[in-house]
Each structure stands twice: as C-alpha cells, then as structure tokens.
Amino acid sequence: MRRCCLRSRDILKILAPAYPTKSVNNSLNDFAEQFQMEERTMKNPLDSLWGTVIAGLVLTVVLYVFANNFLLIAG
Amino acid sequence: MGIFRWVHFMAGIMWIGLLYYFNFVQVAALKNAAADGTAAGITKHVAPRALLFFRWSAVVTWVAGAALLGPRFVPAFTLQPDAALIGIGAWLGTIMLFNVWVLIWPNQKKILGMTPASDDEKSKARRVAFLASRTNTMLSIPMLFFMGAGVHGF
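Protein sequence lines, in the order shown, are assigned to chains A and B.
In case it helps, my numbering puts the first sequence at residues 387 to 461.
In case it helps, my numbering puts the second sequence at residues 7 to 160.
Encoded structure:
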C-alpha cells in the first residue's frame, strides 16, 4: 500500500510542475484525501520558472495547431 | 524596410534580453540578496536602470515592427491567411507591450518607491508585476516562434 502511494505521488510530481510539495510531506493513508488536499493547495505554474517555460511551450503547440487548422487553411 | 528590421531586432533583443534577465536572474538573486541584506544594491541601482531600457525598448520594438509590416499591418492583425503567422506573433508582442506599460511598470514604481504606496499596496503590486512579467516570459516563447515562422514558414 505504501509503495503504491509513493509511486502515485512521484507520477503527479512529474506531470504537474507546480505540484504542491507541502502535501507530499503529510501522512497519506487515504489517496482520496490526499487528492482533495492537492486541489486546495494547487499553485500557479507561473510561480515556477520551469512551469513558465513549459506553459510557453504548450501554448506554442496549441497556437501552431490552431494556425495550421483554422488560419492557414483558408489560403 | 531594412532599417526598420535592424531597429526591430536590436530593440527586441534588448527587450526580451532584459525580460529574461528579470525572470531568470534578478528574481532569484533578489531572494538571496534580501536574506543577507544586500537587496538595496539591486533595487536602487540595477532595477530602475534595467526597467528604463526594458520599457522603452518594448515601445521601439513594437513601433519598428509595425513599420516593418507596412501594408501588411492590417492583414496581420486581422489574421488573414497570407499574414496569419506573423499576425499571431504581432498579437503576442502587443499583449506583451500592454503588460509592460499597464501592469509591470506602474506596479514596479510602487515597489521601488517611485510612487507612494502602503506596505499592503506594495505587496499586492509585487504580485501583479511578478505575474505579468512571468506571463510575458511565457508569451515570448510562442511569440518568437511565430515571428520566425512568419518570415521563414514552419
């Protein structure tokens, strides 16, 4: 059970750059309870430099897809 | 046109270079400097000078860019198919210019004591200026991509 929870937290850390580190240190017997806590303490990705860069890269991809499919097609 | 391109590039490098300096260097340096009591050196002598070149290079970049677009200015900003890529870059640059003059600079004046503000107002101004600056850093990534794509294609 403990191994399972640690692995889940690691995955969340990789997926969300602004993952709240405070909640990681709390005792986590119930995964649902942990998830609720994360929602309450969710941080702004712009608070972290890496979060900012990743957000910029994601925005680039979104705008690229948008331009390719909706703007350039008319030409 | 060549002179506008030249000015646009020079001012743009200064603008984005200072933006990256603020975000990648100064924010972290100020945190450390505040801990050992040397932050005043940055806030008194470095930040005001950097902000001066930062905000005016933003204006020069935008004006030179608009001049460089010339007759393609309206097609670019209305995202017409033949000018859509440079148009996206131009819109992102325009949003960034707005952030500089409407959000970053007025709040930095409060933080640096150039305009009177209470501690509470300073604290709020610090957060707004920080987030606007980080937003510009985020927007600069697709902005540079689309500026390049506008000229050279994907």
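C-beta: ideal position from N, C-alpha, C; glycine also.
Check, Outcome
"Should A/Ile-397 be flagged as near chain B, meaning a C-beta pair shorter than 9 Å?", "With a pLDDT of only 47 at A/Ile-397, under 50, the local geometry of the prediction cannot be trusted, and the value read off the model is given with reservation. No - not a single Cβ of chain B is within 9 Å of the one on A/Ile-397."
"Among B/Ile-19, B/Arg-78, B/Ala-155 and B/Tyr-26, whose alpha-carbon lies nearest the alpha-carbon of B/Thr-67?", "B/Ile-19"
"Closer than 7 Å by beta-carbon distance: list the chain A residues that pair up with B/Arg-140, in chain order.", "Leu-432 and Thr-438"
"Check for me: the alpha helix (DSSP H) holding B/Ala-162 runs from which residue to which?", "Beyond the ends of chain B as shown, which are 7 and 160, falls residue 162 of chain B; an answer cannot be given."
"Using 8 Å as the Cβ pair cut-off and three pairs as the minimum, do the segment 85-103 of chain B and the segment 138-145 of chain B touch?", "yes"
"Quick check: the segment 110-120 of chain B against the segment 130-143 of chain B, are there 3 or more CB pairs under 8 Å?", "yes"
"Can you pull the chain B neighbours of A/Thr-427, defined as C-beta to C-beta under 9 Å?", "Near A/Thr-427 there are no residues of chain B at all, since even the closest Cβ is about 17 Å away, more than 9 Å."
"By Cβ distance below 7 Å, which residues in the same chain neighbour B/Ile-117 in space, the five residues on each side in sequence not counted?", "Lys-128, Ala-131, Arg-132 and Ala-135"
"Are the C-beta atoms of B/Met-144 and some chain A residue less than 9 Å apart?", "yes"
"Is B/Ala-123 near B/Ser-63, with beta carbons less than 9 Å apart?", "no"
"Ends of the alpha helix (DSSP H) at B/Gln-114?", "111-117"
"Check whether the segment 86-100 of chain B and the segment 29-45 of chain B are in contact - that is, three or more C-beta pairs closer than 8 Å.", "no"
"With distances taken between CB atoms, is the gap from A/Leu-435 to B/Asn-29 smaller than 9 Å?", "yes"
"Going by beta carbon distance, what residues of the same chain come within less than 7 Å of A/Leu-449, once the five residues before and after it are set aside?", "none"
"To which residues of the same chain is A/Leu-392 closer than 6 Å at the C-beta, ignoring the five residues directly before and after it?", "In this prediction, A/Leu-392 scores a pLDDT of 47, lower than 50, which makes its location untrustworthy; the coordinate-derived value is nonetheless stated afterwards. Around A/Leu-392: no qualifying Cβ."
"Secondary structure at A/Met-428, three-state DSSP: helix, strand or coil?", "coil"
"Grouping DSSP H, G and I as helix and E and B as strand, with all else coil, what is B/Pro-122?", "coil"
"Give the C-beta separation of B/Ala-82 and B/Leu-75 to the nearest angstrom, bearing in mind that I take them to be a contact with Cβ-Cβ under 8 Å.", "5 Å"
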